[in-house]
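Participant:
There are 6 protein chains.
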Amino acid sequence: MTKRYPSQPRHLSALDLDIPPRSKLEPDLRKYFEVCDERLGFLPNVLAAYSFDPVKLRAFIGMYNELMLAESGLSKLEREMIAVVVSSANRCYYCQVAHGQAVRELSGDPALGELLVMNYRAAKLPKRQRAMLDFAHRMTVSPDEVGDADRAKLRKAGFGDRDIWDIAAVASFFNMTNRFATAIDMMPNPEYHAADR
Amino acid sequence: MTKRYPSQPRHLSALDLDIPPRSKLEPDLRKYFEVCDERLGFLPNVLAAYSFDPVKLRAFIGMYNELMLAESGLSKLEREMIAVVVSSANRCYYCQVAHGQAVRELSGDPALGELLVMNYRAAKLPKRQRAMLDFAHRMTVSPDEVGDADRAKLRKAGFGDRDIWDIAAVASFFNMTNRFATAIDMMPNPEYHAADR
Amino acid sequence: MTKRYPSQPRHLSALDLDIPPRSKLEPDLRKYFEVCDERLGFLPNVLAAYSFDPVKLRAFIGMYNELMLAESGLSKLEREMIAVVVSSANRCYYCQVAHGQAVRELSGDPALGELLVMNYRAAKLPKRQRAMLDFAHRMTVSPDEVGDADRAKLRKAGFGDRDIWDIAAVASFFNMTNRFATAIDMMPNPEYHAADR
Amino acid sequence: MTKRYPSQPRHLSALDLDIPPRSKLEPDLRKYFEVCDERLGFLPNVLAAYSFDPVKLRAFIGMYNELMLAESGLSKLEREMIAVVVSSANRCYYCQVAHGQAVRELSGDPALGELLVMNYRAAKLPKRQRAMLDFAHRMTVSPDEVGDADRAKLRKAGFGDRDIWDIAAVASFFNMTNRFATAIDMMPNPEYHAADR
Amino acid sequence: MTKRYPSQPRHLSALDLDIPPRSKLEPDLRKYFEVCDERLGFLPNVLAAYSFDPVKLRAFIGMYNELMLAESGLSKLEREMIAVVVSSANRCYYCQVAHGQAVRELSGDPALGELLVMNYRAAKLPKRQRAMLDFAHRMTVSPDEVGDADRAKLRKAGFGDRDIWDIAAVASFFNMTNRFATAIDMMPNPEYHAADR
Amino acid sequence: MTKRYPSQPRHLSALDLDIPPRSKLEPDLRKYFEVCDERLGFLPNVLAAYSFDPVKLRAFIGMYNELMLAESGLSKLEREMIAVVVSSANRCYYCQVAHGQAVRELSGDPALGELLVMNYRAAKLPKRQRAMLDFAHRMTVSPDEVGDADRAKLRKAGFGDRDIWDIAAVASFFNMTNRFATAIDMMPNPEYHAADR
């Protein structure tokens, strides 16, 4: 696989940490990794990278699953769309690759993955989703300027206060992961590149 | 208390969510809040705000404690210093108030809290801490430009790869909380203002 | 085809111009379009968009071919790499799609197309190409700051003055086309999306 | 005193200038400094720094007093609020410390000092003051974009042309002093830190 | 002439290319240069710089003339006004000097040349021209944000779709030439400086 | 005169203030205005604009003359050069026109006036002056980042601490006047435009 992508660095990250073999992980984590294998066909590199410390790994998994998979007024696709727009604004390679694939898969529209990576303003979107992405983008590039007027636009687009919490929470989360992945030069699994084109 | 700070909005946040009385929380959370009362003298507003959903609250507490309180090559003060510098770059009112107080308390130097809020470059700091803050600041304002040269500066200042993970993780975390707190206009507890001056 | 990409606007551009059928074009242009059909399998939308005015179309073709296809110290792939990095900095949807495909095709490395669209700094590249892309990026985002020090870096990376002309010319050209395509909302041919993944 | 604030550099400024003892100053300046001692309890460091040249010192005092203390449609507190918002945008340590204290003292609201230092948009303010601070902030960060529309907003908020002069003059003045203080690394008197909390 | 302008570098550009004497140029180009001599009194340096390669030179001339001199809903002065505003935003010395002179000549108003170089927002202009320049400026500094709302402002100011093409094309063209001229440090002919003051 | 410059607004400023006839001014100011008439051939509009309030006018004159005309390690031309570079960065029309003329007059090099207005980096300057302008520019656009490394560059270029004070003071002053002039839309005297070309 790696032969096909010579321009992508081969490391998991730029840091030399003591990552244990999966067989040495505690049972709950070993189990979780097996579920990933089954569902995705591979273990996302971010989980491998975190596996040097089970407490950190569990905290990350806990927050990730709660945000991206739990009940919400936002669909899973909408949460992935926010992930890509935020990651594009921050130009995080890992997250654009991984969540761009998720957008292609969940939407069945490969162009949507590219549009959100390249410039979400060029996409033909329902007003609700455009408002959601405008808010997430603004939180990312001008966090100090977000205020009542921005929340009012979300409400006008049909979002309730509980939804605003979720938009804000997802957009904030990827502002964390984007910076973290770039700061340690974490590389995405090569499986994402060709999937769902 | 609120009479003393008329310019600070009185709400917990701009969102109208159904926050239960503490007596209705599940036992582990009720216990956790009591520990906060004892240690700090009050319950941080961020925890009150999250308490409408126990799963989200536990995920947040889990990640926060792991990052800020667990074993690390960075002292607790150093982690709080990163928190303030990142929060200042993002101009998050809640986090500058709360973590500015933590810096004052842990350092015993009120000027350090103000320096990190106002312009960390003006502070007289050991080279190690200046390098750490330069990295955290750059991750915050130019996340797409962070690369090998930046990690090399941390290594030259004496940080190992495990420390770089922690610097990156703490700086990233506050890039999340800053955006979240501002996006929902979360207000800090008034107790922070006068403490440790 | 269009059914597969519902998020991409269906128009050629946002402007309503009187574009003639290809059969009405003058012979040299009709011939040129036929060559495109043969080589690419389709007519690039930018040429269709320009075809309302044969003089403008010929001027565009003339400059494009001279820059991208003529003899040069830069390979065709290198020129396409510059195109993508500049288009990414300017977030031009049309050019990132079209020239991202060209990079995938010419390099045989799909990840290179994604890396240059997402953040060229994350790519593993020969020093020569990194220097070339750094110069092109800087010309794009800080044109007023380019000076002797930047040209010296190109020379140190092995480029001669004739090469510097070409790097500057290609980077400049896409600063033109990026702005033009976005200003009129020109859409790329759907054929690019799945090609060479 | 200095022992309490180890992170604040101890110099008056980074420049080594020949500052005379107060006893050698000309009588009018010696008198002026005595008035400062009485009113404030100390001599502001900016005056000490300027005292190497009596002509410069008098010019500075003349302009400062005229702007901040003379009759105006703006209250003294409002002028200090502008000072802090401008100094925060420019991240001047000296001016944020000194004028943040003035805001705390004149308003009796310590949170107002922190809000204006940290992010004035989070403060609960009368519309008039918000308009005034928006104008001062915009003049600071986008001076080339200020125009009729901005002045119209001030007029709509109740300000007359004479008031607009004063808002513009005070905001401009701190754009001068902020840059000057940072350029020479001038340090504020330690007395400001704990006052009026 | 050069003695009068000691602060302007004397080279044609920073690149050492093999520029042939005019007598060695092919007849069509020699003829074109003679027309320049007659009309302007001198040969613009950009043409001299390009003359090392006749194909590049012809492509440049072809596009330039088509854009700036052909029939258009924009007057020649309006196209030059766009050139200066774009060149000012990009701070290109060559283009501001050369096209600033063109604005002075075509308008008969030397202040207009200076206003567009210094800050076009300060100029007293018909609404149509202000809308045109706002669009050109925005395309230059925020190309990724241009969208339907911007095109709607042009239409409201009286421009048709064919005019929007021309505004976009001229503004885009100078985003190319500005970057190219600065990247190779091309110097303008000294004759421009004093003309039409 | 005004007929020649139709694009320059005719007002003194956008504010309607009660400016007295010169004959009603107090004797010292009337005298000062007469000296201006003699030396320059006209009264600078900034002085006319300030003349509605003699205290403000005297404070402005006092600071201006002290900075620009008093003894200094910087020549008068050097101080005017700083004025133009700062005013260009802030895009202040009034100050670029007025101090651009001063640079042309004092240097005898009209191109220097244009270079500093358009992009000072393109000018051929002694290293000392380039260092001086780099510092003034950086203070203007990134005031929060100026530090020891910047002051060290000035010292390396031959400036003493007293000179650094003056560079900082002049650059700061024009950051004040630029913002003030633009905020009230003050217009320069038309006499500047054609002078010393």
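Protein chains in written order, with our numbering: chain F, 1 to 197; chain R, 1001 to 1197; chain C, 2001 to 2197; chain L, 3001 to 3197; chain Y, 4001 to 4197; chain X, 5001 to 5197. C-beta atoms are modelled at their ideal positions from N, C-alpha and C, and glycine is treated no differently.
Considering X:S5088, what are the terminal residues of the alpha helix (DSSP H) in which it resides?
Facilitator: The residue labelled residue 5088 of chain X in the question sits at position 88 within the sixth sequence. Where X:S5088 is concerned, the enclosing alpha helix (DSSP H) stretches over 5076–5089.
Participant: For X:W5165, is the classification buried or exposed, using 16 other Cβ atoms within 10 angstroms of its Cβ as the cut-off for buried?
Facilitator: Stepping through the sixth sequence from its first residue, residue 5165 of chain X is reached at position 165. Buried, by the Cβ-count rule.
Participant: Where F:S51 and F:A181 are concerned, what is the direct C-alpha to C-alpha distance, given to the nearest angstrom?
Facilitator: By 1-based counting over the first sequence, the position of residue 51 of chain F is 51. By 1-based counting over the first sequence, the position of residue 181 of chain F is 181. Cα-Cα distance, rounded: 15 Å.
Participant: Taking the alpha carbon of C:A2111 as the point to measure from, which residue in F:R121, F:D109, F:Q96, F:D144 has its own alpha carbon closest?
Facilitator: For this step, residue 2111 of chain C is matched to residue 111 along the third sequence. Nearest C-alpha to C:A2111 among F:R121, F:D109, F:Q96, F:D144: F:Q96.
Participant: Given a cut-off of 8 Å, decide if Y:R4179 and C:S2172 are closer than it, judged by their beta-carbon atoms.
Facilitator: Taking the first residue of the third sequence as 1, we reach residue 2172 of chain C at position 172. Taking the first residue of the fifth sequence as 1, we reach residue 4179 of chain Y at position 179. Closer than 8 Å, so yes.
Participant: Take the Cβ of L:D3037 as the centre, count every other Cβ of all protein chains shown within 10 Å, and call the residue buried at 16 or more, exposed below.
Facilitator: Residue mapping note: residue 3037 of chain L aligns to position 37 of the fourth sequence, counting from 1. The residue is exposed, with fewer than 16 neighbouring Cβ atoms inside 10 Å.
Participant: Run down chain L in chain order and give the residues with a C-beta less than 7 Å from the C-beta of R:Q1096.
Facilitator: The count along the second sequence starts at 1 and reaches residue 1096 of chain R at position 96. Residues of chain L passing the Cβ test: M3118.
Participant: Say whether chain X places a C-beta atom closer than 8 Å to the C-beta of L:F3159.
Facilitator: As a first step, residue 3159 of chain L is located in the fourth sequence; it is residue number 159 there, counting from the start. No - not a single Cβ of chain X is within 8 Å of the one on L:F3159.
Participant: Y:L4015 and C:D2161 look like a contact to me (Cβ under 8 Å); what is the Cβ gap, rounded to whole Å?
Facilitator: Counting from 1 along the fifth sequence, the entry for residue 4015 of chain Y is found at position 15. Counting from 1 along the third sequence, the entry for residue 2161 of chain C is found at position 161. Taking 8 Å as the upper bound for CB-CB distance, Y:L4015 and C:D2161 are in contact here, some 4 Å apart.
Participant: Residues in its own chain within less than 7 Å of X:S5087 by CB, not counting five upstream and five downstream?
Facilitator: Translated into positions along the sixth sequence, residue 5087 of chain X becomes position 87. For X:S5087, where only same-chain residues beyond five positions count, the Cβ hits under 7 Å are C5095, Q5096, H5099, F5174, N5178.
Participant: Using a Cβ-Cβ distance cut-off of 8 Å, determine whether L:D3028 contacts chain X.
Facilitator: Position 28 of the fourth sequence, counting from 1, holds the residue named residue 3028 of chain L. So, not an interface residue.
Participant: Does the Cβ of C:A2183 have 16 or more other Cβ atoms within 10 Å, making it buried, or fewer, making it exposed?
Facilitator: Translated into the one-based positions of the third sequence, residue 2183 of chain C becomes position 183. Flag for C:A2183 reads buried.
Participant: Would you mind telling me which residues of chain C sit closer than 8 Å to Y:V3966, beta carbon to beta carbon, in chain order?
Facilitator: Past the boundaries of the shown model lies residue 3966 of chain Y; chain Y is included only from 4001 to 4197, so the question cannot be answered.
Participant: Below 8 Å, how does it come out for the region 3049–3067 of chain L and the region 5059–5072 of chain X: are there three or more Cβ pairs, yes or no?
Facilitator: Taking 8 Å as the limit for Cβ pairs, the verdict is that the region 5059–5072 of chain X does touch the region 3049–3067 of chain L.
Participant: Just how far apart, CA to CA, sit F:M139 and L:E3145?
Facilitator: Along the first sequence, one-based indexing puts residue 139 of chain F at 139. Along the fourth sequence, one-based indexing puts residue 3145 of chain L at 145. The alpha-carbon atoms of F:M139 and L:E3145 are separated by roughly 23 Å.
Participant: Counting C-beta neighbours from all protein chains within 10 Å, is the total for C:R2104 16 or more, i.e. buried, or is it exposed?
Facilitator: As a working mapping, residue 2104 of chain C is identified with position 104 in the third sequence. Around the C-beta of C:R2104, 16 or more other C-beta atoms lie within 10 Å, and the residue is accordingly described as buried.
Participant: Please identify, using Cβ separations under 8 Å, the residues of the region 5169–5185 of chain X that lie next to chain L, in order along the chain.
Facilitator: A5169, A5171, S5172, F5173, N5175, M5176, T5177, N5178, R5179, F5180, T5182, A5183, I5184, D5185
Participant: If contact means a Cβ-Cβ distance below 9 Å, which residues of the region 3007–3026 of chain L contact chain R?
Facilitator: S3007, Q3008, P3009, R3010
Participant: For a test of the three-state rule: what should DSSP assign to Y:Y4005, helix, strand or coil?
Facilitator: Within the fifth sequence, numbered from 1, the residue matching residue 4005 of chain Y stands at position 5. In the structure shown, Y:Y4005 falls within a coil segment according to DSSP collapsed to helix, strand and coil.
Participant: Taking 8 Å as the threshold, find out whether the region 5015–5025 of chain X comes into contact with the region 4071–4085 of chain Y through three or more Cβ pairs.
Facilitator: no
Participant: Could you check what DSSP says for F:F173 in three-state terms: helix, strand or coil?
Facilitator: As a working mapping, residue 173 of chain F is identified with position 173 in the first sequence. DSSP places F:F173 in the helix class (H, G or I) of the three-state scheme.
Participant: Are L:A3157 and L:R3121 closer than 8 Å when you measure CB to CB?
Facilitator: Along the fourth sequence, one-based indexing puts residue 3157 of chain L at 157. Along the fourth sequence, one-based indexing puts residue 3121 of chain L at 121. Going by C-beta atoms, L:A3157 is not nearer than 8 Å to L:R3121.
Participant: In its own chain, which residues sit with a C-beta less than 7 Å from the C-beta of C:T2002, not counting the 5 before and 5 after it?
Facilitator: Position 2 of the third sequence, counted from the first residue, corresponds to residue 2002 of chain C. Note that C:T2002 scores a pLDDT of 45, beneath 50, so its modelled location is shaky; the value from the coordinates is reported in the next line. Taken in chain order, the residues that qualify are R2010, P2190.
Participant: Nearest by alpha-carbon distance to L:A3059: which of L:L3029, L:P3044, L:L3040, L:V3085 is it?
Facilitator: Residue numbering aside, residue 3059 of chain L sits at position 59 when the fourth sequence is read from its first letter. Across the set L:L3029, L:P3044, L:L3040, L:V3085, the C-alpha of L:L3029 shows the shortest separation from the C-alpha of L:A3059.
Participant: Thinking C-alpha only, which one of X:A5048, X:R5004, X:P5044 is nearest X:D5018?
Facilitator: Within the sixth sequence, the letter at position 18 stands for residue 5018 of chain X. Comparing Cα-Cα distances from X:D5018 to each of X:A5048, X:R5004, X:P5044, the minimum goes to X:A5048.
Participant: Output the boundary residues of the alpha helix (DSSP H) element that contains L:K3031.
Facilitator: Taking the first residue of the fourth sequence as position 1, residue 3031 of chain L is located at position 31. Looking at the DSSP string, the run of the alpha helix (DSSP H) that includes L:K3031 is 3027–3040.
Participant: Alpha carbon to alpha carbon, what distance is there between X:A5083 and X:R5091?
Facilitator: The sequence position of residue 5091 of chain X within the sixth sequence is 91, counting from 1. The sequence position of residue 5083 of chain X within the sixth sequence is 83, counting from 1. Taking the straight line joining both Cα atoms gives about 12 Å.
Participant: List, in chain order, every chain R residue whose beta-carbon is nearer than 7 Å to that of L:K3127.
Facilitator: Translated into the one-based positions of the fourth sequence, residue 3127 of chain L becomes position 127. None at all; the shortest Cβ gap to chain R is about 14 Å.
Participant: Taking only beta-carbon atoms, is F:R162 less than 8 Å away from chain R?
Facilitator: Within the first sequence, residue 162 of chain F is the residue found at index 162, counting from 1. Chain R, which has a Cβ nearer than 8 Å to the Cβ of F:R162, makes this yes.
Participant: Kindly list the residues whose CB is nearer than 6 Å to the CB of X:M5132, restricted to its own chain and excluding five residues on each side of it in sequence; keep chain order.
Facilitator: Taking the sixth sequence and counting its residues from 1, the one referred to as residue 5132 of chain X is at position 132. Take X:M5132, set aside five residues on each side of it, and the residues of its chain with a beta-carbon closer than 6 Å to its own are I5167, in chain order.
Participant: Using a Cβ cut-off of 8 Å (strictly closer), state whether X:K5124 contacts chain Y.
Facilitator: Taking the sixth sequence and counting its residues from 1, one reaches residue 5124 of chain X at position 124. Yes, contact with chain Y.
Participant: According to the Cβ coordinates, are Y:K4076 and Y:L4106 closer than 8 Å?
Facilitator: As a first step, residue 4076 of chain Y must be located in the fifth sequence, where it is residue number 76. As a first step, residue 4106 of chain Y must be located in the fifth sequence, where it is residue number 106. With respect to Y:L4106, Y:K4076 sits close: the two C-beta atoms are nearer than 8 Å.
Participant: In chain L, which residues lie with their C-beta within 8 Å of the C-beta of X:K5156?
Facilitator: Within the sixth sequence, numbered from 1, the residue matching residue 5156 of chain X stands at position 156. Those within 8 Å of X:K5156 in chain L number zero; the least Cβ separation is about 15 Å.
Participant: Answer yes or no: does any C-beta atom of chain L fall closer than 8 Å to that of R:D1144?
Facilitator: As a first step, residue 1144 of chain R is located in the second sequence; it is residue number 144 there, counting from the start. Judged by the 8 Å Cβ criterion, R:D1144 is not in contact with chain L.
Participant: In this structure, how does DSSP classify Y:G4108 when only helix, strand and coil are distinguished?
Facilitator: Here residue 4108 of chain Y is taken as the residue at index 108 of the fifth sequence, counted from 1. Three-state DSSP puts Y:G4108 in coil, outside helix and strand.
Participant: Could one say the Cβ of C:P2110 lies closer than 8 Å to chain F's Cβ atoms, at least one of them?
Facilitator: The residue labelled residue 2110 of chain C in the question sits at position 110 within the third sequence. Output row for C:P2110: interface = yes.
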